[in-house]
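Comments concern the structure below.
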Amino acid sequence: MDQVLLSMGSRKGFIVISPTLLCNNNCIFCYENYRDNAFRAVPSVDELFDRTIGLARSTGLSSVAISGGEPTLYPHLTSYVRALTEAGISVCLLTNGRTMADENRLRELVEAGVGHFHIPLHADQEDRHDATTRSQGSFRQALAGIQNIMALRRESIFKFSIVQVVHTGNVKRLAAFIDFAARFMPDYILFSSCIVENESPESQQELLVPFQETVDALKAALPAIVAADMPVYLENVPPCAMRGLETMCLDFHKYNRLRVHGLKAAGDRGLPSFEGLEQSIKSRQRARPVPCGRCVLEPFCGGVYRSHLAAFGRDDLRPFSMDEMRAMIQTATTPAQQDTAHA
Ligand code: SF4
Numbered sequence: 001m002d003q004v005l006l007s008m009g010s011r012k013g014f015i016v017i018s019p020t021l022l023c024n025n026n027c028i029f030c031y032e033n034y035r036d037n038a039f040r041a042v043p044s045v046d047e048l049f050d051r052t053i054g055l056a057r058s059t060g061l062s063s064v065a066i067s068g069g070e071p072t073l074y075p076h077l078t079s080y081v082r083a084l085t086e087a088g089i090s091v092c093l094l095t096n097g098r099t100m101a102d103e104n105r106l107r108e109l110v111e112a113g114v115g116h117f118h119i120p121l122h123a124d125q126e127d128r129h130d131a132t133t134r135s136q137g138s139f140r141q142a143l144a145g146i147q148n149i150m151a152l153r154r155e156s157i158f159k160f161s162i163v164q165v166v167h168t169g170n171v172k173r174l175a176a177f178i179d180f181a182a183r184f185m186p187d188y189i190l191f192s193s194c195i196v197e198n199e200s201p202e203s204q205q206e207l208l209v210p211f212q213e214t215v216d217a218l219k220a221a222l223p224a225i226v227a228a229d230m231p232v233y234l235e236n237v238p239p240c241a242m243r244g245l246e247t248m249c250l251d252f253h254k255y256n257r258l259r260v261h262g263l264k265a266a267g268d269r270g271l272p273s274f275e276g277l278e279q280s281i282k283s284r285q286r287a288r289p290v291p292c293g294r295c296v297l298e299p300f301c302g303g304v305y306r307s308h309l310a311a312f313g314r315d316d317l318r319p320f321s322m323d324e325m326r327a328m329i330q331t332a333t334t335p336a337q338q339d340t341a342h343a
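Position one of the sequence shown corresponds to residue 1 (UniProt numbering), numbered consecutively onward.
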């Protein structure tokens, strides 16, 4: 395999590659479940690597997030990670963590070059987590994997983050979840408000939570966040619904500062191998409804999921006015002003 040394500059963003959409969980909110995974060809490492490098060159991005399905079910994962690392690309693995219960498998992936493990925990309790994944034993395995990660972080340097999809079944337990997740000392916790894609089963609409309810739950969890003393973010909720919690709003950052390109294992749509993956915040799944036209943040906002609008309408969108924005800018303290204040 060619050695490809990439000097990509400092472009922010990453490439998402899903080598397989197969999964050993069956999460209630999964937006890949509607696909027919039965007859997919397994891509070779050479094909995957060449396609990834092609994207890296065309986009100028040098970070790859390997996603799925569950990427550890891709049989050539270690070789693929090693090839990327040798080419100068940093690798993040978006895994459900179950395979990491095997300490040797984890060590092999770290040695191959995985620099960041991003792992979902769906609850702080076994029965709730396993009911969400519809896979008995998934909680115990994921926790065993996380404990192995904690142990290996004592001797190797790599990042680790925890993500929770927030839905009607867990939104009231955010504080308890933060207490629980903080024990594993992740670099950050991400709450990802549940989304339903255009193609997903309609029954998943029941899992959606109004923005206000999610934000109120996060506000109620602020003491737990302070006690945890680590960054906590929320995504899939627009800035106007997060007044007062702006620093936790990931959507604004993703829309304005992150570029995401990707490839997803294909096969069920007559495509030869991969289909392009849309940057979710700029995808056709989102819309900017009427109130957004009155919002000064509109050019910098990714809008909201169409499924959310279908479920709750647009009443929880509160456009930013120019006066409000001016007041926010005037009251904001710049780092230089802070330095002066401390002098
Ligand atoms: S553009 Fe629309 S969704 Fe975005 S912050 Fe403004 S009102 Fe909210």
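Built from N, CA and C at the ideal position, the CB exists for glycine as well. All values derive from a computational prediction rather than experimental measurement.
Please look up how many angstroms separate the CB atoms of residue 17 and residue 263, rounded, as I've assumed it's under 8 Å. Sequence index remark: in the sequence shown, residue 17 carries index 17 (1-based). Sequence index remark: in the sequence shown, residue 263 carries index 263 (1-based). That belief holds up - the Cβ atoms of residue 17 and residue 263 are roughly 5 Å apart, short of 8 Å.
DSSP beta-bridge partners for residue 118? Reading the sequence shown from its first residue, position 118 is the one you call residue 118. Residue 118 is bridged to 94 and 161.
Closer than 8 Å to a non-hydrogen atom of the ligand SF4 - does that hold for the CB of residue 292? For this step, residue 292 is matched to residue 292 along the sequence shown. Yes - the ligand SF4 has a heavy atom lying nearer than 8 Å to the Cβ of residue 292.
Relative to the ligand SF4, is the shortest distance from any of its heavy atoms to the C-beta of residue 320 smaller than 8 Å? Within the sequence shown, the letter at position 320 stands for residue 320. At least one heavy atom of the ligand SF4 is nearer than 8 Å to the Cβ of residue 320, so yes.
Tell me the residue span of the beta strand (DSSP E) that contains residue 234. In the sequence shown, the residue the question calls residue 234 occupies position 234. Taken as a continuous stretch (DSSP letters only), the beta strand (DSSP E) holding residue 234 covers 232-235.
Given a cut-off of 9 Å, decide if residue 235 and residue 191 are closer than it, judged by their beta-carbon atoms. Stepping through the sequence shown from its first residue, residue 191 is reached at position 191. Stepping through the sequence shown from its first residue, residue 235 is reached at position 235. Yes, they are a contact pair.
Tell me, which residues are paired with residue 13 by DSSP? Sequence index remark: in the sequence shown, residue 13 carries index 13 (1-based). The partner list for residue 13 (beta bridge, DSSP) reads 259.
Any heavy atom of the ligand SF4 within a distance shorter than 8 Å of the CB on residue 232? Residue numbering aside, residue 232 sits at position 232 when the sequence shown is read from its first letter. For the ligand SF4, not one heavy atom lies less than 8 Å from the Cβ of residue 232.
By the 10 Å Cβ neighbour count, where 16 or more other Cβ atoms means buried, how is residue 379 classified, buried or exposed? Not covered by the structure: residue 379. The range shown for the chain is 1 to 343.
beta-carbon residue 257 near the ligand SF4 non-hydrogen atom, thresh 8 Å: Here residue 257 refers to the residue found at position 257 when the sequence shown is read from its first residue. No.
Using the C-alpha atoms, what's the distance from residue 324 back to residue 69? Numbered from 1 along the sequence shown, position 69 holds the residue referred to as residue 69. Numbered from 1 along the sequence shown, position 324 holds the residue referred to as residue 324. When rounded, the distance between both Cα atoms is 43 Å.
Just to confirm my understanding: we take residue 141, look at its own chain, exclude 5 residues before and 5 after, and list those with CB closer than 6 Å. What are they? One-based indexing of the sequence shown puts residue 141 at position 141. Excluding positions up to five away in sequence, the list reads 98 and 101.
Nearer than 8 Å: is that true of the beta carbon of residue 303 relative to any heavy atom of the ligand SF4? Translated into positions along the sequence shown, residue 303 becomes position 303. Checking the Cβ of residue 303 against the ligand SF4 gives yes.
Rounded C-beta distance between residue 286 and residue 302? I'm assuming under 8 Å. Along the sequence shown, read from residue 1 onward, the residue named residue 286 stands at position 286. Along the sequence shown, read from residue 1 onward, the residue named residue 302 stands at position 302. Rounded, the Cβ-Cβ distance is 6 Å, consistent with contact.
Which listed residue (84, 52, 122 and 167) has its alpha carbon closest to that of residue 215: Residue 215 sits at position 215 when you count from the first residue of the sequence shown. The shortest C-alpha separation from residue 215 is found at 167.
Under 6 Å Cβ to Cβ from residue 270, same chain only, skipping five residues before and after it: list those, please. Translated into positions along the sequence shown, residue 270 becomes position 270. For residue 270, the pLDDT reaches just 49, beneath the cut-off of 50, and the residue's location in the model is therefore unreliable, although a value from the coordinates is still provided. Here the set comprises nothing.
Alpha carbon to alpha carbon, how far is residue 88 from residue 55? One-based indexing of the sequence shown puts residue 88 at position 88. One-based indexing of the sequence shown puts residue 55 at position 55. Rounded to whole angstroms, residue 88 to residue 55 spans 14 Å at the Cα level.
Under 9 Å between the Cβ atoms of residue 304 and residue 288? In the sequence shown, the residue the question calls residue 304 occupies position 304. In the sequence shown, the residue the question calls residue 288 occupies position 288. Yes.
Residue range of the beta strand (DSSP E) that includes residue 155: In the sequence shown, the residue the question calls residue 155 occupies position 155. Run containing residue 155: none; DSSP gives neither H nor E here.
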